[in-house]
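Residue numbers (our numbering): 1317 to 1422.
C-beta: ideal position from N, C-alpha, C; glycine also.
Keep in mind that this is a model prediction, so the values were computed, not measured.
Below is one structure, written out as structure tokens; the observations come after it.
Printed below as a string of structure tokens:
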């Protein structure tokens, strides 16, 4: 994720979408998690396939700026997918990271 210019964790929500092409990487480098969070909030509120307008309304309701190009790109990349599928795919990718660590003890 760091190589894409994203904060660690951004690709966990949208694993198949990020960094697959240089142009896509530049657009998503400008995306903060607020777009993903707003999309997820719309889904939780009952909107199965949120629009860029839905994302904008949520972000503006809390005084956050919304770049409509970023919101539209996110919506287009998630078209035909459910948030649950995307998150499940991200969890599968996490399995390769391992986890935990031994304490030094002593």
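- Inter-residue distance for residue 1393 and residue 1384 is about 14 Å (C-alpha atoms, whole angstroms).
- A check of alpha carbon separations from residue 1371 across 1352, 1364 and 1362 identifies 1352 as the nearest.
- CA-CA distance, residue 1375 to residue 1411, rounds to 32 Å.
- Spanning the alpha carbons of residue 1367 and residue 1382 requires a straight line of approximately 13 Å.
- For residue 1356 against residue 1391, the beta-carbon gap comes to about 13 Å, at or over 8 Å, which does not count as contact.
- Scanning 1358, 1409, 1369 and 1396 for the CA closest to the CA of residue 1388 turns up 1369.
- Unbroken alpha helix (DSSP H) runs of no fewer than 4 residues, entirely contained in the region 1363 to 1387, are found at 1368 to 1377, following chain order.
- In the three-state scheme derived from DSSP, where H, G and I count as helix and E and B as strand, residue 1397 is classed as coil.
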